[in-house]
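*Asks:* My structure is below; once you've seen it, I'll send some questions.
Number of protein chains: 2
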Amino acid sequence: MKKYNFGAGPSILPQEVMKATAEACVDFNGIGLSLMEMSHRSKEFQAVIDEAQDLMKELLGVPEGYSVLFLGGGASLEFCMVPYNFLENKAAYVNTGVWATKAVKEAKLFGEVVEVASSKDKNFTYYPKNFEIPQDADYLHVTSNNTIYGTEYLKDFESPIPVICDMSSDILSRPVDVSKYTMIYGGAQKNISMAGVTFVIVKDEALGKVSRAIPTMLDYRTHIKKGSMFNTPPVIPIYSALQTLRWIKAQGGVVEMDRRAQERADLLYAEIDRNKCFKGTAVKEDRSRMNICFIMTDEYKDLEAEFLAFALERGIWGIKGHRDVGGFRASCYNAMPVEGVKALIACMQEFEEKH
Amino acid sequence: MKKYNFGAGPSILPQEVMKATAEACVDFNGIGLSLMEMSHRSKEFQAVIDEAQDLMKELLGVPEGYSVLFLGGGASLEFCMVPYNFLENKAAYVNTGVWATKAVKEAKLFGEVVEVASSKDKNFTYYPKNFEIPQDADYLHVTSNNTIYGTEYLKDFESPIPVICDMSSDILSRPVDVSKYTMIYGGAQKNISMAGVTFVIVKDEALGKVSRAIPTMLDYRTHIKKGSMFNTPPVIPIYSALQTLRWIKAQGGVVEMDRRAQERADLLYAEIDRNKCFKGTAVKEDRSRMNICFIMTDEYKDLEAEFLAFALERGIWGIKGHRDVGGFRASCYNAMPVEGVKALIACMQEFEEKH
Chain A
1 MKKYNFGAGP SILPQEVMKA TAEACVDFNG IGLSLMEMSH RSKEFQAVID
51 EAQDLMKELL GVPEGYSVLF LGGGASLEFC MVPYNFLENK AAYVNTGVWA
101 TKAVKEAKLF GEVVEVASSK DKNFTYYPKN FEIPQDADYL HVTSNNTIYG
151 TEYLKDFESP IPVICDMSSD ILSRPVDVSK YTMIYGGAQK NISMAGVTFV
201 IVKDEALGKV SRAIPTMLDY RTHIKKGSMF NTPPVIPIYS ALQTLRWIKA
251 QGGVVEMDRR AQERADLLYA EIDRNKCFKG TAVKEDRSRM NICFIMTDEY
301 KDLEAEFLAF ALERGIWGIK GHRDVGGFRA SCYNAMPVEG VKALIACMQE
351 FEEKH
Chain F
1 MKKYNFGAGP SILPQEVMKA TAEACVDFNG IGLSLMEMSH RSKEFQAVID
51 EAQDLMKELL GVPEGYSVLF LGGGASLEFC MVPYNFLENK AAYVNTGVWA
101 TKAVKEAKLF GEVVEVASSK DKNFTYYPKN FEIPQDADYL HVTSNNTIYG
151 TEYLKDFESP IPVICDMSSD ILSRPVDVSK YTMIYGGAQK NISMAGVTFV
201 IVKDEALGKV SRAIPTMLDY RTHIKKGSMF NTPPVIPIYS ALQTLRWIKA
251 QGGVVEMDRR AQERADLLYA EIDRNKCFKG TAVKEDRSRM NICFIMTDEY
301 KDLEAEFLAF ALERGIWGIK GHRDVGGFRA SCYNAMPVEG VKALIACMQE
351 FEEKH
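As given, the protein sequences belong to chains A and F, one line each in that order. Per the UniProt record's numbering: the first sequence = residues 1 to 355. Per the UniProt record's numbering: the second sequence = residues 1 to 355.
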């Protein structure tokens, strides 16, 4: 039976990426050594990281004056690196969920933080809009997609002050106008790679403007200067990122990823809205294409565990919702084929007929 | 031709580790999913990290009251995390090379740093001993093995104040009395795993004694509380660490690793001391068993490039010395078979005969 992995992250990657990574772990490009045991200073790995950086730039149309970094530590580490590098006096944060809340918490250690908007009042089921942004803040921090609650802001953020965006869970799923951001960052373990590498796209000239001393490893300038190799980078996670980036390019780039995301989301939300057993949790206009959250309708609410088991028997893997929302979450990252979504829909229909 | 990888890191790992990692990247334990795409919250990965933590404790005899962590970011990140968590007023550092110097630099951002000893006067070719340790310092920071210079302190450090030791390049190569340390840490990419994971062994009760606010991700208590899973950990690097730990246990544990390290070092240093073309760089009593550094004798000093090429033709890979020392460095980590060292020795003898 074909398995479809709807897990929220670490999550589905193209089969080609898994296979190429496994091969590199045994013998890298036929040179008789595993990439696991090769120096990050070797010309072979230099070519890997160079190509990965170049492909990120190409796929996202990153303008001149920006650097692309691949770092360790996870997006959670960025939550403190962002204020370390950018917060001199005051920062503005939009609170759209657990991760945004964590980002706010770290920023408060470094200066004044204004929560300019929040959707906490309705358990983060919508994306706040039309809020005021203080002109004197150093930056506006936003989270484009909220993995737990299934909300997403599909347009680029417009702001009179520099925008820094956590795109952990929707990077490379659509075209982005990078020039509208001072920094974009995220964990790679959803749309790009296995867990263990963080991507950062940062505008070089925005750095170096805070007066505090920054520990070397937490200063983005350190990593820019050394091309992400100030210290030993996570070699295999970066190699697997390269494989995914090549795959995205071969499939037609972010335009094609965008089309597929829309196709998957249209199909699945239509079924959620039609099926008498299920209903969506996020407000329609802010529905995420990456993390599609739904629960049982009131009439069927006791059947949650049954549906999970029912789906698992049909190869639908990882759809249990986050405890903060309950129900189900079908994460549909770039590598999820439309067949996976169709299999889930068939399963939902079969379940409906059964009851 | 059999290749022997003497690279300084990322470096040789047991073939079984490479193979098991590759298999997990395709299909983890036959469940039909790659470990690359599986949630770190799955019971399958929980079992992996639990076993890895337990094996670290078992192999090193870690006493009660210590935690073992697997983090991202690299040992270089620990250089600032150590003072963040432990430096209240003053810290003592022993400077034994480039990495120790980097650790000193980060600590200076957090308080007074006393460099209690340094071997910089002789390009770090020896390990300083019998230095005075200020009783009022919060901790003494040492580096047990210096990868670049090929020096190693093979005994446990005795100190009237808490000892924190960077064991990046000699962890698990010999028994250690962990109770003599407040913390031991290092990058895993030499004796434990692929690049991308850092190990930390820390005494729980030593934490929480500084008055500063610590960013969540830089606070060891965060990671202890969550069993290294506060955020998404580097899943595959941890899995490959588990494979190496299992391998070490199956081979006979650190006692056997110790015996092998001594055997390799005895053989290779004997040849370096005998062969008229080569000479060692570190003082004899402080010679590292992990990184064996040597240069051409004056008479043959123009033949360095020739020997490198000569060795490469015979399957000896990665012995070019670090630019700070020149010459050659044969890194002999746990996974280096004695046959590799014998092949290098044969190559050195053949080269001597040729000239």
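Just so it is clear, CB atoms sit at the ideal spot from N, CA and C, and this is done for glycine as well. This structure is a prediction, so every number in the text was calculated from the model and none was measured.
1. Just the C-alpha distance for A:Asp121 and A:Pro128, rounded to the nearest angstrom, thanks.
2. Among A:Leu69, A:Thr96 and A:Glu106, which residue has its Cα nearest to the Cα of A:Tyr84?
3. F:Ile49 lies in the alpha helix (DSSP H); which residues open and close that run?
4. Do you know offhand how far F:Ile238's Cα is from F:Leu87's?
5. In or out: F:His355 buried (at least 16 other Cβ within 10 Å) or exposed?
6. Taking only beta carbons into account, state which residues of the region 8-28 of chain F come closer than 8 Å to chain A, listed in chain order.
7. Closest to A:Asn331 by C-alpha separation, out of A:Ala8, A:Asp324, A:Asp54 and A:Lys320, would be which residue?
8. Given a threshold of 16 other Cβ atoms within 10 Å of its Cβ, counted over all protein chains shown, does F:Thr297 qualify as buried or as exposed?
9. Taking A:Ser39 and F:Pro10 to be in contact with their CB atoms under 8 Å, please state how far apart those CB atoms are, rounded to whole angstroms.
10. Select from the region 232-244 of chain A all residues with a C-beta closer than 8 Å to any C-beta belonging to chain F, and list them in chain order.
11. Taking only three categories from DSSP, how would you classify A:Thr232?
12. In chain order, what residues of the same chain have a beta carbon less than 6 Å from the beta carbon of F:Gly97, not counting five sequence neighbours either side?
13. Start and end of the beta strand (DSSP E) containing F:Ala188?
14. Which parts of the region 255-339 of chain A are runs of the beta strand (DSSP E), unbroken and 3 residues or longer, counting only runs that do not cross its ends?
15. So with Cβ pairs under 9 Å, would you call F:Leu60 a contact of chain A?
16. In chain order, which alpha helix (DSSP H) runs of at least 4 residues are fully inside the region 82-135 of chain A?
17. Within the same chain, show all residues whose beta-carbon is closer than 8 Å to that of F:Ala206, passing over the 5 residues directly before and after it, in chain order.
18. Where do the N-terminal and C-terminal ends of the alpha helix (DSSP H) with F:Val26 fall, by residue?
19. Please report the residue range of the beta strand (DSSP E) in which A:Lys203 lies.
20. Answer yes or no: does any C-beta atom of chain A fall closer than 9 Å to that of F:Ala309?
21. I want to know whether the region 15-26 of chain A touches the region 50-58 of chain F - three or more CB-CB distances under 8 Å.
22. Quick check: is the beta carbon of A:Trp317 nearer than 9 Å to any beta carbon in chain F?
23. If A:Phe199 sits next to A:Tyr185, beta carbons under 8 Å apart, how far is it from one beta carbon to the other, in whole angstroms?
24. Please decide whether A:Leu77 counts as near chain F, where near means a Cβ-Cβ distance under 9 Å.
25. Going along chain F, which residues have a C-beta under 7 Å from A:Met296?
26. From the DSSP output, which residues share a beta bridge with A:Phe70?
27. Thinking just about the alpha-carbon of each residue, which of A:Ser169, A:Phe131, A:Leu140 and A:Met56 is nearest to the one in A:Arg289?
28. What do you get for A:Ala135, buried or exposed, if any count of 16 or more other CB atoms within 10 angstroms of its CB means buried?
29. Once the 5 residues before and after F:Ala241 are set aside, which same chain residues still bring their CB inside 8 Å of it?
30. Can you check which of these residues, F:Glu44, F:Met18 and F:Val17, is closest to F:Gly30 by C-alpha distance?
31. Any beta carbon from chain F within less than 9 Å of A:Asn146's own beta carbon?
32. Spell out a yes or no on whether the region 338-345 of chain A and the region 307-322 of chain A are touching, meaning 3 or more CB-CB pairs, one atom from each, closer than 8 Å.
33. Chain A partners of F:Leu33, CB-CB under 8 Å?
34. Cβ closer than 8 Å: which chain F residues qualify as neighbours of A:Leu55?
35. Using CA coordinates, which residue listed in A:Ala282, A:Glu353, A:Met257 and A:Leu268 is at the minimum distance from A:Ser14?
36. Hey, how far is the Cα of F:Met1 from the Cα of A:Gly32?
*Replies:* The answer reads as follows:
1. 11 Å
2. A:Glu106
3. Lys43 to Leu60
4. 29 Å
5. exposed
6. Ala8, Gly9, Pro10, Ser11, Ile12, Leu13, Val17, Met18, Lys19, Thr21, Ala22, Glu23, Cys25 and Val26
7. In the sequence as presented, Asn is not what sits at residue 331 of chain A; that position holds Ser. The shortest Cα separation from A:Ser331 among A:Ala8, A:Asp324, A:Asp54 and A:Lys320 belongs to A:Ala8.
8. exposed
9. 6 Å
10. Thr232, Pro233, Pro234, Val235, Ile236, Pro237 and Ser240
11. coil
12. Phe124, Asn146, Ile148 and Tyr149
13. Counting along the chain, F:Ala188 falls outside any beta strand (DSSP E), and DSSP gives it neither H nor E.
14. 278-280, 291-296 and 328-331
15. no
16. 98-107
17. Phe86, Pro162, Thr182 and Met183
18. Gln15 to Val26
19. Thr198 to Lys203
20. no
21. no
22. yes
23. 7 Å
24. yes
25. Residues of chain F passing the Cβ test: none, with the nearest at roughly 22 Å.
26. A:Phe199
27. A:Ser169
28. Sequence inspection shows Gln at residue 135 of chain A; the Ala mentioned does not correspond to that position. A:Gln135 comes out exposed.
29. Ala52, Phe70, Ala188, Ile192, Ser193, Val197 and Phe199
30. F:Glu44
31. no
32. yes
33. Lys3, Asn5 and Trp317
34. The contacting residues do not exist; A:Leu55 stays about 19 Å from chain F at best.
35. At residue 14 of chain A the sequence reads Pro, which differs from the Ser that was named. Checked all of A:Ala282, A:Glu353, A:Met257 and A:Leu268; the closest Cα to A:Pro14 is A:Met257.
36. 10 Å
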